[in-house]
Structure formats: C-alpha cells, structure tokens
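S.K.: Chains as they are written, first to last, in the numbering used here: chain A, 1 to 364; chain B, 365 to 728.
All residues carry an ideal CB built from backbone N, CA and C; glycine is no exception.
First, the structure itself, so that you have it in front of you.
Below, the structure is given as structure tokens:
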C-alpha cells in the first residue's frame with residue numbers, strides 16, 4: 001500500500017509519501033530532489049535509538065554526507081535555546097545553503113528542525129520524517145515551524161515548507177499508546193471538519209484505542225485521508241489567512257488547557273479532544289449543531305480512549321483569560337471553529353464569555 | 365523631491381518611498397496599508413532620542429497604538445538574545461498577527477526587527493524606516509533579516525519582506541561621517557555592478573566624503589538610483605538563487621575582513637570598500653577587467669574617504685580560511701563577483717587560492 005499526496009502551493013509545492021516499510025528507502029527517495037550533499041539529521045535520543053541506524057544507512061548508501069543532532073524528548077525542550085544548539089551543530093558541520101535538515105521524530109522535533117532550517121543561512125532544505133501519528137497527520141504537513149515562548153506555545157516560528165514529508169506507518173509500532181491516541185484526536189478532527197466518510201469508517205471500526213487493534217488497511221486509510229484533508233486545506237490557504245483556521249477546531253480551548261497545565265500533564269491530542277467536546281457543546285448551545293451529532297463525536301473520542309473532561313483543578317476564568325493571548329485572537333476577539341454537521345465547520349468570533357463560562361463549568 | 369520605487373516580487377511586492385522631510389508623515393503613509401492597530405517601534409537609544417518623538421507623534425496622530433523597544437546600538441547586540449527581548453516586549457503589548465513592527469534605525473535595527481517580525485506568531489507586518497545611508501540603499505530593501513552567530517555574521521535569519529520602506533533623507537544629518545561613508549561604499553557598489561550613469565555622476569561630484577558637501581539633488585539621486593538598482597536585482601531574484609549574488613560584490617573578502625576584526629574595528633561599508641578593491645584586482649589579474657577602470661573605481665573609493673587597504677595585522681591565510689564559512693559558499697567553492705566593465709559584473713567560483721593569496725598580500 002502506497003500513497004503520494006501532493007500539497008499544492010503557489011510556491012514550494014511538495015509531496016507527502018506514505019508507504020509501510022519504506023524507511024530504508026529514504027535515501028533513494030531523497031536523491032532526485034536536489035537536496036545538496038550534506039544532511040543534518042535531527043532527532044530525539046529514543047527515536048534515534050529505534051530508527052537512526054536504518055535512516056543513516058539509507059542516507060549514506062545514497063551517498064549523502066550525514067551528521068546527527070539529538071534534542072532531549074519533550075515539549076519543555078522546544079525552546080530558542082534548543083534551536084541555538086542545532087545552529088551550533090550546523091556550523092560545526094559547515095552546512096551550506098544547498099544542504100538539508102531532516103527531522104526524524106514527532107511534532108516537537110519536526111517543528112524545531114523546520115524552524116532551524118527556515119532560519120539557518122536564511123533558509124536551507126528541510127525534510128520531515130514524522131514518527132508519531134500526530135506528526136504524520138498534522139504537525140509535519142503545512143509548513144508551521146517554531147518553538148514555544150515561556151509564556152505561550154508556538155509564539156515564535158515561521159511558515160516554512162518541507163521539500164518532502166516521508167511517512168512509514170510501521171514506525172508507529174514503537175509509539176506509546178497514549179501518544180497514538182493523541183494522534184487519533186487530530187484524525188477525528190479531520191473527520192469532523194472535512195471528511196464525513198472518514199468519520200463513518202472510524203465509527204465502524206471495532207476498536208480504535210490502540211495501534212494493534214487497527215488493520216493495516218485502516219491505518220493506511222486513516223493516515224492517507226487525514227493527510228489529504230490537511231493538504232486540501234493548506235493548499236487553499238498556506239498562511240492561515242482564512243480557511244486554514246478550521247484546522248484549529250478543538251484547539252482554542254485545547255491550547256488554553258494545554259498551556260495552563262504546563263504542556264506536560266495533558267498532551268496536545270488530549271487537549272484537542274477536550275477542546276472538540278467543548279467546541280461541539282458551544283455549537284449545540286448556539287443551535288448550530290445537533291445534539292445527536294455532537295454525541296456521536298463524543299462517543300468516538302471516548303472510543304479512542306481520549307479524555308472528554310476539562311481538569312477540574314483549572315479555574316474557569318483562568319482558561320478564559322488564557323484564550324486572550326492565543327495567536328488566533330484577531331482585533332481582541334477569540335475565534336471559535338464550530339461544527340454545523342459532521343464534515344463541516346464554520347468560524348465564529350462572537351461567542352459570549354457567559355456561554356464560554358457555562359460550557360467550561362459543565363465539562364469539568 | 366519625491367520618488368516611489370516599487371519592488372516587484374511574485375508575492376509580497378512593496379514600495380520604497382523616498383521624500384526629504386517626510387518623517388512626520390509616516391503615520392498617514394502607513395494608514396492605508398492595513399497594518400492593524402498596534403505598532404511596536406524598534407530603535408536604538410540614540411536614534412530614538414533624535415527621531416522617536418516625531419515618529420510616535422506621527423503614528424499616534426494616525427491613531428496607531430504605539431509601544432517602543434530599544435536595543436543598544438551596534439553589531440555586538442545583533443544576537444538571538446536581543447531578538448528574545450523584542451519577543452518579550454511583543455508579548456507584553458499583546459501584538460497580534462495583524463500588528464506591525466516598525467524598524468527605526470540603521471541596518472542592525474532593521475535586520476533584527478525584520479527577523480523578530482518574521483518569527484513572532486510566524487510572521488507579522490513589518491515596516492522599515494532606515495536612518496543610515498547604508499540601511500537606506502541596502503539593508504532595508506530586499507527582505508534579508510537576521511542576527512549574527514558568535515562565529516559568523518548573519519548566519520541566522522530569514523527572507524522576509526517589509527510592507528514599506530520609508531526613507532526621509534533629511535535624517536542623515538545626524539549620521540556620523542564615518543557611517544555616511546560606509547553607506548557610500550554600497551552606493552559605489554551599485555554603480556559598479558549595475559549603473560554606469562550613477563558612477564559618472566559620482567565621479568563628477570566635487571566632493572563625496574561627507575553629507576554636507578552633497579547637494580540635495582545629488583543626495584536624492586544617490587539614494588533613488590541605489591534603491592532602484594537594488595529593487596531591480598531583488599525583483600528578478602528574491603531569494604538569492606542567482607542574479608542577486610551580484611549584490612555581494614566586494615562582500616566576499618569584505619565579510620572575512622569584517623569577521624576577523626570582530627565587526628567593530630572596521631565597519632561593514634569599509635569592509636565592502638576594501639573587498640571591492642580586492643575583487644577589482646582579482647578581475648584585473650584574471651584579465652577580465654581593465655586596469656584603468658579598476659583604478660577609476662579605487663579613486664572613487666578614496667574620494668569618499670573609504671579605506672582601500674586590508675589591515676596588515678590580518679593573516680592572509682586566516683582571511684582565506686574564513687571565506688570557507690561564508691554563506692555564499694556552494695559545494696565548497698567560494699564565489700566571487702567580479703567586474704567586467706563599470707556597470708557590469710560576472711560570477712566566478714574558480715579563483716585559485718594562489719591568486720587570492722597574492723591579491724590579499726598586495727593590498728596590505
């Protein structure tokens with residue numbers, strides 16, 4: 001099973017290649033892309049331990065000169081300091097403008113490697129080899145790169161497109177189940193905002209809460225359809241001028257919950273799951289979405305083993321205050337992405353604080 | 365006297381507005397550009413002392429909400445740390461994606477503000493108000509933004525276009541004479557690489573070594589023609605894929621000299637002046653350029669009060685070694701921009717180390 005999904009952009013179009021068991025063909029896949037001689041592979045120690053040898057062998061067999069830089073795993077290392085360390089390795093290995101950085105890892109590694117590639121020598125080549133489900137279906141596609149600011153997630157960054165996104169679904173076998181589920185949150189998001197058909201398939205699956213319960217065909221479908229949804233949206237709005245905002249479904253309250261819990265207690269996918277439940281409830285209360293469809297969404301989220309409740313120790317007002325520092329704020333107004341039916345959402349910026357307060361309270 | 369020079373790019377075209385005495389009209393000029401409500405003005409203390417009040421009054425009269433961030437003057441502050449401080453002020457003032465950063469200052473302020481704007485919330489609006497001749501004719505145009513790495517100038521950065529470059533030549537009255545001359549180095553560069561006519565005008569001027577010896581008309585002409593040259597080149601090659609490399613005339617050895625003297629003993633324009641003399645000599649020795657025209661170039665450089673000699677305390681081999689870490693290195697080869705006649709240059713990447721060694725030795 002193999003799929004090539006083009007991401008069509010005004011400049012810098014690229015492909016997403018999805019093929020089970022293809023990791024050892026990375027080098028030959030990159031060879032025709034004119035990526036220079038030198039590759040700096042950026043990863044975290046655990047992922048590198050699992051897949052570093054395969055990747056380096058593949059790159060060196062294809063005659064790339066390869067250097068490696070590892071960053072400790074986790075959102076807490078997603079800082080400007082970590083980027084400075086990548087710069088240091090880039091300098092040591094004399095990377096040139098024609099050289100390439102390859103991100104082998106999850107979203108954190110991908111976001112940071114992309115930002116380092118975007119800003120080293122004012123931009124060198126960049127390839128994404130995502131190893132988490134979340135990164136495969138979301139973070140690796142669309143050119144959002146960056147790091148966190150002590151006071152907010154992803155406040156520092158750049159739009160910078162990879163030359164290729166290379167996905168081998170088999171690497172998910174080493175992914176902890178909690179992270180698998182986090183990725184499924186984004187999959188469900190695509191189903192709600194863009195792909196009713198994917199939603200039905202997820203509903204029909206006997207089980208969704210761990211990788212081994214998925215057939216190879218369903219896994220390939222989940223990744224392919226999700227990547228296609230993201231490619232469709234990004235292709236229509238590269239820099240989040242309009243449509244792309246719908247990808248933030250579940251992310252508004254999600255980001256606030258994630259931020260207030262210090263990016264560690266609750267992971268991104270879990271926060272998005274909670275955020276989707278909240279957004280669904282807001283849509284229902286505004287009379288925009290049926291109770292019944294919202295319930296189907298919530299059942300699917302539960303079936304995946306994801307949380308649907310806001311941690312009760314978070315103060316409701318603190319969540320509302322945090323929303324005001326979100327990047328998505330425009331002219332002081334917080335934007336919400338709200339479903340109108342499964343497969344369709346709309347953008348609203350006049351949700352009242354009272355309604356917001358009520359929904360957050362109810363979900364604790 | 366007023367000139368509007370369009371910089372035409374595939375995306376993100378913008379204008380350069382040049383008008384003597386226009387600084388107090390900045391606000392009304394920005395108003396129609398859809399730059400949001402909030403402006404973060406970035407400057408250095410001295411420039412801000414001279415022009416801050418005029419600029420802020422102008423912006424606030426046009427109903428912009430204005431905050432200010434100052435960075436100590438000088439290349440030594442052109443660091444990632446200084447950028448982190450701009451981020452901090454941006455956060456404090458809750459800049460949004462639709463907000464704008466305005467750089468009021470020389471090249472260092474412009475490069476840093478541009479990089480901060482390029483990377484805050486993945487890119488917000490950015491306006492250049494250059495106050496040095498060097499920044500007016502070079503740094504502010506073309507979208508090169510960034511900071512220095514401890515081991516090399518401008519190794520960290522991004523291509524990010526301003527929404528407007530706003531030039532009031534009258535602000536040059538507070539520019540130290542040495543910095544005026546540094547700007548003139550880039551003016552001479554444009555004359556050599558692009559504009560034979562400008563070269564003749566400079567030759568005919570009775571004096572060039574300080575601002576007060578220039579007529580208002582000549583100053584306007586110098587700035588306008590230089591901006592036009594840069595706009596022409598950048599419009600044809602936004603991201604330095606080819607033609608734009610010619611703007612690096614004098615910069616190859618220039619950067620090495622600047623870097624080895626710690627970016628302080630010799631300023632950028634002086635380094636470029638020395639680099640142009642060196643490049644001219646290489647071209648002559650390769651039989652590509654006439655001795656006579658090279659001499660005319662060198663006389664013009666001397667007339668401007670700029671240096672034409674490499675500091676004798678710099679080891680020749682150290683200069684050659686430093687060239688290898690330059691961003692312009694491609695597949696290990698150092699590229700040189702060499703004149704073939706006044707107004708025309710070509711790109712060469714096979715200058716031998718022996719020739720290089722000889723030319724550097726001769727220029728000490």
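From the DSSP output, which residues share a beta bridge with residue 38/A?
M.R.: Here residue 38/A is taken as the residue at index 38 of the first chain, counted from 1. 65/A.
S.K.: Checking contacts by CB at 8 Å: is residue 144/A closer than that to chain B?
M.R.: Within the first chain, the letter at position 144 stands for residue 144/A. The Cβ of residue 144/A sits closer than 8 Å to at least one Cβ of chain B.
S.K.: Under 7 Å: does the beta carbon of residue 309/A sit that close to some heavy atom of the ligand GDP?
M.R.: This structure lacks the ligand GDP, and indeed carries no ligand of any kind.
S.K.: Between residue 712/B and residue 95/A, what straight-line distance do the alpha-carbon atoms span, to the nearest angstrom?
M.R.: Indexing the second chain from 1 puts residue 712/B at position 348. Indexing the first chain from 1 puts residue 95/A at position 95. Straight-line Cα distance between these residues: approximately 21 Å.
S.K.: Given that a residue counts as buried once 16 or more other Cβ atoms are within 10 Å of its Cβ, and exposed if not, what is residue 161/A?
M.R.: Numbered from 1 along the first chain, position 161 holds the residue referred to as residue 161/A. Flag for residue 161/A reads buried.
S.K.: Quick one: which unbroken alpha helix (DSSP H) runs of 4-plus residues sit fully inside the stretch 600-668 of chain B? Chain order, please.
M.R.: 615-624, 632-649, 655-667
S.K.: So residue 148/A and residue 37/A are supposed to be a Cβ contact under 8 Å. How far apart are they, rounded?
M.R.: Along the first chain, read from residue 1 onward, the residue named residue 148/A stands at position 148. Along the first chain, read from residue 1 onward, the residue named residue 37/A stands at position 37. The Cβ separation is near 33 Å, so there is no contact.
S.K.: Give me the subset of the stretch 612-630 of chain B whose CB atoms are less than 8 Å from a CB atom of chain A, sorted by chain position.
M.R.: none
S.K.: Could you please tell me which residues of the stretch 65-86 of chain A, in chain order, have their CB closer than 7 Å to any CB of chain B?
M.R.: Per Cβ criterion, the list reads 80, 84.
S.K.: Suppose contacts are defined by Cβ-Cβ distances below 8 Å. Is residue 52/A in contact with residue 115/A by that definition?
M.R.: As a working note, residue 52/A is residue 52 in the first chain. As a working note, residue 115/A is residue 115 in the first chain. No, Cβ-Cβ distance for residue 52/A and residue 115/A is not below 8 Å.
S.K.: With distance defined between alpha-carbon atoms, name the residue in 529/B, 610/B, 491/B nearest to residue 550/B.
M.R.: Residue numbering aside, residue 550/B sits at position 186 when the second chain is read from its first letter. Looking at the Cα atoms, 610/B is the closest of the given residues.
S.K.: I need the DSSP call for residue 594/B, collapsed to helix, strand or coil.
M.R.: By one-based count along the second chain, residue 594/B stands at place 230. Here residue 594/B sits in helix by DSSP.
S.K.: Where residue 724/B and residue 469/B are concerned, what is the direct C-alpha to C-alpha distance, given to the nearest angstrom?
M.R.: Translated into positions along the second chain, residue 724/B becomes position 360. Translated into positions along the second chain, residue 469/B becomes position 105. Whole-angstrom Cα-Cα distance: 34 Å.
S.K.: State whether the stretch 316-326 of chain A contacts the stretch 369-378 of chain B, with contact taken as three or more CB pairs (one from each stretch) at a distance under 8 Å.
M.R.: Counting Cβ pairs under 8 Å, fewer than three are found: no touch.
S.K.: Using a Cβ-Cβ distance under 8 Å, would residue 156/A count as near chain B?
M.R.: In the first chain, counting from the first residue as 1, residue 156/A sits at position 156. It does; some Cβ of chain B falls within 8 Å.
S.K.: On the criterion of 16 or more Cβ atoms from any shown chain inside 10 Å, does residue 427/B qualify as buried, or is it exposed?
M.R.: By one-based count along the second chain, residue 427/B stands at place 63. Burial call: exposed.
S.K.: Quick check on the DSSP output: what are the complete alpha helix (DSSP H) runs of length 4 or more inside the stretch 483-571 of chain B, in order along the chain?
M.R.: Runs of the alpha helix (DSSP H) inside the stretch 483-571 of chain B: 541-557, 560-568.
S.K.: Would you say residue 323/A faces chain B, with C-beta separation under 8 Å as the test?
M.R.: Numbered from its first residue, the first chain carries residue 323/A at position 323. Chain B, which has no Cβ nearer than 8 Å to the Cβ of residue 323/A, makes this no.
S.K.: In chain B, what lies closer than 7 Å to residue 149/A by C-beta?
M.R.: Stepping through the first chain from its first residue, residue 149/A is reached at position 149. What residue 149/A touches in chain B: 451, 455.
S.K.: Among residues of its own chain, excluding the 5 on either side of residue 621/B, which ones have a beta-carbon nearer than 8 Å to its beta-carbon?
M.R.: For the purposes of this step, residue 621/B is identified with residue 257 of the second chain, where counting begins at 1. Contacts found: 630, 635, 638, 639, 674, 675, 678, 683.
S.K.: Assuming contact is defined by CB atoms lying nearer than 8 Å, are residue 602/B and residue 373/B in contact in what I supplied?
M.R.: By 1-based counting over the second chain, the position of residue 602/B is 238. By 1-based counting over the second chain, the position of residue 373/B is 9. Result yes, Cβ atoms of residue 602/B and residue 373/B sit closer than 8 Å.
S.K.: Taking 8 Å as the threshold (beta carbon to beta carbon), is residue 162/A in contact with chain B?
M.R.: Here residue 162/A is taken as the residue at index 162 of the first chain, counted from 1. With 8 Å as the cut-off, residue 162/A does not count as an interface residue toward chain B.
S.K.: Out of 336/A, 325/A, 264/A, 223/A, which has the shortest C-alpha to C-alpha gap to residue 279/A?
M.R.: Residue mapping note: residue 279/A aligns to position 279 of the first chain, counting from 1. Residue 336/A is the option with its Cα nearest to residue 279/A.
S.K.: Beta-carbon within less than 7 Å of residue 615/B's beta-carbon, same chain only, minus the 5 sequence neighbours each way: which residues are those?
M.R.: As a first step, residue 615/B must be located in the second chain, where it is residue number 251. Answer for residue 615/B: 636, 639, listed in chain order.
S.K.: How big is the Cα-Cα spacing for residue 263/A and residue 325/A?
M.R.: Numbered from 1 along the first chain, position 263 holds the residue referred to as residue 263/A. Numbered from 1 along the first chain, position 325 holds the residue referred to as residue 325/A. Those two C-alpha atoms are separated by around 16 Å.
S.K.: Here's a check: name, in chain order, each residue in its chain whose Cβ is nearer than 7 Å to the Cβ of residue 531/B, leaving out the five neighbours to either side.
M.R.: Translated into the one-based positions of the second chain, residue 531/B becomes position 167. Correct list, in chain order: 380, 381, 382, 494, 500, 587.
S.K.: Can you tell me whether DSSP reads residue 728/B as helix, strand or coil?
M.R.: Within the second chain, the letter at position 364 stands for residue 728/B. Three-state DSSP puts residue 728/B in coil, outside helix and strand.
S.K.: DSSP beta-bridge partners for residue 709/B?
M.R.: The residue given as residue 709/B occupies position 345 in the second chain. Looking at the DSSP assignment, residue 709/B forms a beta bridge with 703/B.
S.K.: So what's residue 587/B in DSSP terms, helix, strand or just coil?
M.R.: Translated into the one-based positions of the second chain, residue 587/B becomes position 223. Residue state for residue 587/B is assigned as helix, using DSSP reduced to three classes.
S.K.: Where does the unbroken alpha helix (DSSP H) through residue 394/B begin, and where does it stop?
M.R.: Taking the second chain and counting its residues from 1, the one referred to as residue 394/B is at position 30. Looking at the DSSP string, the run of the alpha helix (DSSP H) that includes residue 394/B is 390-394.
S.K.: DSSP has residue 675/B in a bridge; who is on the other side?
M.R.: Within the second chain, numbered from 1, the residue matching residue 675/B stands at position 311. None; residue 675/B has no bridge partner.
S.K.: If the cut is a Cβ gap below 9 Å, which residues of chain A does residue 374/B touch?
M.R.: The residue labelled residue 374/B in the question sits at position 10 within the second chain. Within 9 Å of the CB of residue 374/B, the CB atoms of chain A belong to 10, 11, in sequence order along the chain.
S.K.: With distance defined between alpha-carbon atoms, name the residue in 553/B, 429/B, 595/B nearest to residue 787/B.
M.R.: Chain B is shown only over 365 to 728; residue 787/B falls outside these bounds and no answer can be derived.
S.K.: Apart from the five residues just before and just after residue 395/B, which ones in its own chain have a Cβ nearer than 7 Å to its Cβ?
M.R.: The residue given as residue 395/B occupies position 31 in the second chain. So the qualifying residues of the chain are 426.
S.K.: Report yes or no: is there a C-beta of chain A within less than 8 Å of the C-beta of residue 523/B?
M.R.: In the second chain, counting from the first residue as 1, residue 523/B sits at position 159. For residue 523/B, the answer is yes, since a Cβ of chain A falls inside 8 Å of its Cβ.
S.K.: Taking one C-beta from the stretch 230-237 of chain A and one from the stretch 281-299 of chain A each time, how about it: are there three or more such pairs within less than 8 Å?
M.R.: Note that the stretch 230-237 of chain A does not touch the stretch 281-299 of chain A; fewer than 3 beta-carbon pairs, one per stretch, sit closer than 8 Å.
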